[in-house]
Amino acid sequence: MGQSTARTEKESSVEELKNRREWWFVAEKTRSKRLDYLRKGVWKKGAIGGNYAPGIKIDLTFPQLFIDKWQEHEGEAIMLQKAHALAHVLDNIPIFITDNSQIMGYIGSAPHNIVWHWQGISMVNEEIYNEEGIIPEPEEESLEILANLNDYWGGRTAVDKLARVLDPEDAVKFMSGAIGWGTPTSAATYSTKDFDYIFKGFEAILAEVEERMEETEEKLQGNPSPEILPLYDKLPRWEAMQIVLEAGIRYAERYARLARTLAEHFESDPERREELLRIAETCERVPAKPPRNLQESLQFDHFVQVLSRYETFEGAWPHRPDYIHGPYYDKDVNQDKRLSKEEALDLVGEHLIRTHEVGIFAPKWAREGLQGITGTWVWTMGGVKPDGSDACNDMTVAYMQAARLVRVSNPTFGFRWHPKVKDEVMRECFECIRHGLGYPSMRNDPVLVANTVHWYGHPVEEARTWVHQACMSPCPTTKYGCQPMRMASATANCAKMIEYALHDGYDPVVNMQMGPKTGDPREFKDFEDLFGAWVKQMEWLRNILVRTVNLGRVKDPEFFGRPFLSAIYERAVETGTDACDPSNGDRGNAWVTGFTWVENADSLAAIKKFVYDEKKYTMDEVLDALNANWVGYEEMRLDFVKNAPKWGNDDDYVDDLMVRCLREVSRHSKENRCPSNNTWPLLPENVSGNIHYANLVGALPNGRRLGDALYDGGISPGPGLDKKGPTAVLKSCGKFDHVTDGRAFLLNQRLSPTQLSGEKGYQLWKAYMKTWADLGLDHVQFNMVDDATLRAAQKDPEKYQEVIVRVAGYSAHFVDISRKTQDNIIQRTVQGLG
Amino acid sequence: MSRRDKWKSARDAMMAPLGKTKGVKTRESVPEVCCGKCEMWFENAYSSEGRGTCRVLKMGSEIHSDKPTYVLEGDAGLISYFNMDASHCSYFSKMELIDTDGTECSDPLFRRALRQMKKFNE
Amino acid sequence: MQPGALVTEIQRFAVNDGPGFRTNVFLKGCPLSCRWCHNPETIAPYPEIYWKRRSCVQCGACLDACPRDAVNAPIHPVEAQKEESTYHKIFRERCDLCMKCVDACRYGALEIVGTELTVNEILDEVERDRPFYDNSGGGMTVSGGEPTAHPEFLAQLIEGARSRGIHICLDTNGYCQWDVLGPLVQSVDMVLYDLKHLDSARHAEMVGAGNELILENLAGILRAGKEIWLRQPIVPDYNDSWEYHVKAAEFLGQLPGRIQRIDLLPFHTWCEDKYSWLGLDWSLRAAEPMDPSMVEILAEAYQARGFAVTAGGSGFEDNAVRGGCRHAP
Amino acid sequence: MATCKDCKGFFAREDDQDRGDCVMRVTDPRQAYYKAVPVEADKDASKCSSFRKR
């Protein structure tokens, strides 16, 4: 049935398809044959709800190659041991060149494989063993291999090692999974990369390493003094960097060799033969030497991304590709006219596809929280140059156009809006949103630059280079601004703050005394007592996460080790340190990701109004109702849902409480210090943690029951609870300061597609965005698919395979997410037709 | 017992199976009556390799022997595994398996140790 | 105390009722009774009761609270919610709107529609969206019902908005004596003016009154040189023929002044729920909503005569005349 | 004994004739590609299912 429909779609004209807003079919009809082939060739790597798609298998070649050399080098410095093992993988892992493709590099030995990073947490390794469907055939043999690998790595992974040095109470509470996410290791991480440095080429970096080593060896001839002693540890680190950089060059050469072999012995089509020779030349050139044209710069970039993902699970993709590749595009397309716009678009489109196809095994909690995708790969577009002038270029436009042609759910874009952005670029952003991609999300550049300066003291010129470190948090891409490791492992399930304040710190869901004992709420004499308890629970929750992640960060060079990342980090190359070593000049870019945050303001407001101001209910009644999960208290629950003030309605009663909570957190953020002695601001956002935590957060005074989805996140009002429309939502969100009251604040808006059709739609959106900027908000993202389409997609998923929705911080194909999340998205208030 | 010592036993229980050679056999063994099939057992949300907490019993309880001991007071719940033998536990209460194809999230009773538990679907 | 008026809703983020982002203030009470009326709750000049069948759990608390036996006995909620169900909670003929049932309802199924608000209460709410007006040339649109049915209150509301520097649209059906309407029109920034049918008899048939006064007033406004957008609801089998619009365009072209824009508003059925919440039958319930592309064809009749026309009346069309926004003095 | 170097899919490396790439055409349900696996020239290929005599 799906197929017969598809045939009719194909018979329709592009104009008709546009009128029906069937954007996937529009894309299919308007993109090049090459992009069409490559796009349809991608294996879906994100999980569907909780499971991987049929045909996706875990790559067992990679860990087996790795362990061969790893065990051979047992006892050497960890970075060196790892470098040997990685080099062995890069020299021997099967590689492949897909028909029609021009950009090389994949993590794993076949396109349908996802890689497994086994050095992070052995619990995750066990999870893979238990997982259905992803074990390669023959299953029995693979299970044997897996069991042996797991037996070896059990107790030897980064988190296993960390758990032994953590305070045991902290370890148990952290790993209860109730108070937040976190993998305090760079084994599951993400890192900003400075391409100004990297594009010097690996050979240039190798020369620099060589120079440093010689210099150091000279010094080591002196008497072993406290100044000289640390130098002994530096040499093996530099050696490790050399090994991986050289292996990276050889890895590229393997592609060059294969491309030449294909051109000479296999390919009969002269055009493709040309392409293969160009691929060979490209891979011989980069990453060894600096790129000279667009294909080389994209290829260099992708090799770096692939190599870092052989080293570790990089769950995000901090990047600013329009800025990095713009000059090469300009040279090839505008100046030398070596490439036509269409040819350039093919390369750009493939860059998106090559990124989209990367698959890394994620544990269940991450799959639930990031439904339908591999990681939060938010690429940064637009923005300003270090001197403050507009940085948008033709590549910005090319990426937006390519995104509409290939329609991948990952990577997505975050656009750095500023007052000098040209109308033509704004229109490109709008077209992507109108085509229902859910991206770019819009970021307020002046606000975020100020914010980056405020929290970490980056110089303003450096702050202006920022990219999204993950979904939301800006990080400079400079020598001392680059962030090597995911400090956001401090991810708080914030709804627990109010839950614990109401339960004397006890967590009935996991049957454990978690937070401090802040007293029986029945004894509280006024709202201030309750608020005081909330503050204590908030501080406790942040403290335990922050100190765990801080310890993980300090210990990472000892427990994990990053030879490749260190080799592309200028400050690590210069000092012979691990990139993650906080002592090498890192200014810090830590933040606590705040899941399920808004429930606090709504719950506090409900109690303040009903218990303390109006005395409509006693605290006893409220606690009884909560302990009963509202069962038997339905009338009362509805009263709390409907009649208590709710965030997002431009209502000062609750909005003031939100501001007050944020200010308490901000105060505390300055007391929490990261290993680079910088602050830990809060960043409210949810990805799809609101679904993951549904069964971990008990009943709350906003009327929520255990098991109900939490709010969809950041500072978005509860679904259906913003009764006054989008202007009121923006007004509420504008009541606090997006520079000093936190790190960044995620806001979802669903707008009606009919409202935004035509030129009038653009004018409306532009006026809306202008006001959004005036109000000083730092973020907003849009869902533009109507309810009818989403409901139809639930009924007939086959026909709607390609409908993309914005989940929260990222986009996903609607059919890939669980029913519960789907319902939650439909429930998000559609901002009306006016 | 110091605070650290008290929590150490919980931490050790949590990390216990790591670093031990288990092979295929230990991993594949799922007793007919086991924690993973009990409604009192709550799968840990940090990982999904089959670790969980008991909603009733506290740390210090001992259920996988002929003469179980039950501790009902304390700060931390008993940490156990989906394939821990629960045939002697008097708090065992068999749960309904709801989500059988694994595409649904956040089902409180969702068995995450999917492959091994699958044989109990029938 | 300031005088108040009954308001059914203050709707922010309205984008089809004048230029830019607007806040619509719906005053309750209207002298006409158009059969297609999309805001049936604004017709009666007194508070009414909404019964929202989907929220009702049929607990019977309203029945116990009612002193006049004007509440229908509970039936199974599923029965009551069925598409074809004619069940309604309130017997309108027995109800004296004492609102005791609304007080008794804990599920939000019974609701009062029509709240008395003062000029300042309204304007405080309107003013909340000032940043949006500034960036879009928007402001307040006073609508209804028929706002001119409350001439004194309306004059004060306009005066208040003016002193706060808010752009004001008067959305009127024009069924009002000129000596009342004229000064009101003069005091606002622009007028949204309804035209339903040129033939008075056909007008009376669907609207409940002839059109003479309305057409006269239209000419009056044009003579006064006030900015005006003419809005024509297009209703199937009533005023949706090509011939009719050719004639209408000719007529409008001969009026003594310029109409800045004509909005053709396709008939839709989104208001269906409101009729059922009020317990009213709606004669057009079965009618099909119009395909907006039909309206685009009719627009050509006006374009041929040089009018700026929109389908749907967006405040963000290219040719939308911007009201501009003044800041408070 | 058949070895890798006797196979049509074997391409020796220029810098080292004892080693080379085993190049294979693969068509999976979604895409077609050429795959290269590094092998020793003298590796036993008697059990290789994709061995094609040169």
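Chains as they are written, first to last, in the numbering used here: chain A, 33 to 866; chain B, 145 to 266; chain C, 3 to 331; chain D, 19 to 72.
Just so it is clear, CB atoms sit at the ideal spot from N, CA and C, and this is done for glycine as well.
Enclosing alpha helix (DSSP H) for leucine 480 of chain A [first to last residue]: That run of the alpha helix (DSSP H) goes 477-488.
For tryptophan 498 of chain A and proline 506 of chain A, believed in contact at Cβ under 8 Å, the rounded distance: 4 Å
Contact under 8 Å by Cβ, aspartate 588 of chain A with threonine 224 of chain A: no
Min CB distance serine 521 of chain A to chain B below 8 Å: no
Residue(s) in a DSSP beta bridge with lysine 202 of chain B: B:Gly221
Neighbour flag for histidine 329 of chain C against chain A, beta carbons, 8 Å: Caution is warranted here: a pLDDT of 31 is assigned to histidine 329 of chain C, below 50, making its placement in the model unreliable, and the coordinate value is therefore given only provisionally. By this cut-off, histidine 329 of chain C is not an interface position.
Interface positions of the stretch 779-802 of chain A facing chain C (Cβ-Cβ less than 8 Å), listed along the chain: Within the stretch 779-802 of chain A, the qualifying residues are Gln787, Glu791, Lys792, Gly793, Gln795, Leu796, Ala799, Tyr800, Lys802.
Histidine 78 of chain C classed as buried or exposed, judged by whether at least 16 other C-beta atoms fall within 10 angstroms: exposed
Cβ-Cβ separation, proline 153 of chain C to leucine 186 of chain C (assumed contact under 8 Å), whole Å: 7 Å
Validate contact between the stretch 440-456 of chain A and the stretch 468-479 of chain A using beta carbons, cut 8 Å, 3 pairs: yes
Contact list for proline 79 of chain C against chain A, beta-carbon separation under 8 Å: Result: empty, since nearest Cβ-Cβ is about 13 Å, beyond 8 Å.
Integer Cβ distance of tryptophan 623 of chain A from tryptophan 712 of chain A, believed to fall under 8 Å: 6 Å
Rounded separation between alanine 154 of chain B and alanine 220 of chain B - CA only: 7 Å
8 Å Cβ cut-off: residues of chain D touching proline 170 of chain A: By Cβ distance, chain D contributes nothing, its closest Cβ being about 14 Å from proline 170 of chain A, past 8 Å.
Cα-Cα separation between phenylalanine 128 of chain A and tyrosine 51 of chain D, rounded to whole angstroms: 6 Å
Per-residue DSSP class, three states only, for alanine 376 of chain A: helix
Beta-carbon contacts of leucine 267 of chain A that lie in its chain and below 7 Å, excluding the five residues immediately before and after: Shown here for leucine 267 of chain A: same chain residues with a beta carbon closer than 7 Å to its own, the five before and five after excluded, namely Met245, Thr248 in chain order.
Residue range of the unbroken beta strand (DSSP E) whose run includes valine 55 of chain D: 50-58
Entirely enclosed alpha helix (DSSP H) segments - the stretch 181-241 of chain C, minimum 4 residues: DSSP runs (the alpha helix (DSSP H)) wholly in the stretch 181-241 of chain C: 202-209, 214-225.
Continuous alpha helix (DSSP H) stretch holding valine 812 of chain A: start and end: Element bounds for valine 812 of chain A: not the alpha helix (DSSP H) but the beta strand (DSSP E), 811-815.
Alpha helix (DSSP H) segment containing valine 492 of chain A, residue limits: It spans 492-495 - the alpha helix (DSSP H) in which valine 492 of chain A sits, taken as one unbroken run.
Proximal residues, the stretch 119-139 of chain A versus chain B, C-beta separation under 9 Å: none
Rounded straight-line distance, which links the Cα of arginine 164 of chain C to that of arginine 132 of chain C: It is roughly 13 Å from the alpha-carbon of arginine 132 of chain C to the alpha-carbon of arginine 164 of chain C.
Whole-angstrom distance between tyrosine 225 of chain B and aspartate 251 of chain B, CA atom to CA atom: Unreliable placement is indicated for aspartate 251 of chain B, whose pLDDT of 48 sits below 50; no coordinate value is reported for it.
Expected contact under 8 Å - CB spacing of tyrosine 283 of chain A and leucine 122 of chain A to nearest Å: 4 Å
Positions along the stretch 296-325 of chain A whose CB lies within less than 8 Å of some CB in chain D: His297, Phe298
For arginine 286 of chain A, the first and last residue of its enclosing alpha helix (DSSP H): 261-293
CA-to-CA distance, valine 276 of chain A to alanine 117 of chain A, given in whole angstroms: For alanine 117 of chain A and valine 276 of chain A, the distance between alpha carbons rounds to 9 Å.
Distance, serine 173 of chain B Cα to leucine 714 of chain A Cα: Computed Cα separation, rounded: 44 Å.
Any chain C beta carbon closer than 8 Å to glutamate 456 of chain A: no
Alpha carbon of glycine 841 of chain A to alpha carbon of arginine 782 of chain A, nearest angstrom: Summary for glycine 841 of chain A: the model assigns pLDDT 47, below 50, so the residue's position carries little reliability; its value from the coordinates is reported in the next sentence. Cα to Cα, glycine 841 of chain A sits roughly 14 Å from arginine 782 of chain A.
According to DSSP, residues forming a beta bridge with alanine 220 of chain A: A:Phe345
Where aspartate 173 of chain C sits in the DSSP three-state scheme: strand
Reduced DSSP secondary structure (H/G/I, E/B, other) of tryptophan 572 of chain A: helix
Opposing strand residues paired with glutamine 13 of chain C [DSSP bridges]: C:Asn26
Cross-chain neighbours of lysine 674 of chain A in chain C, by beta carbon under 8 Å: Gly110
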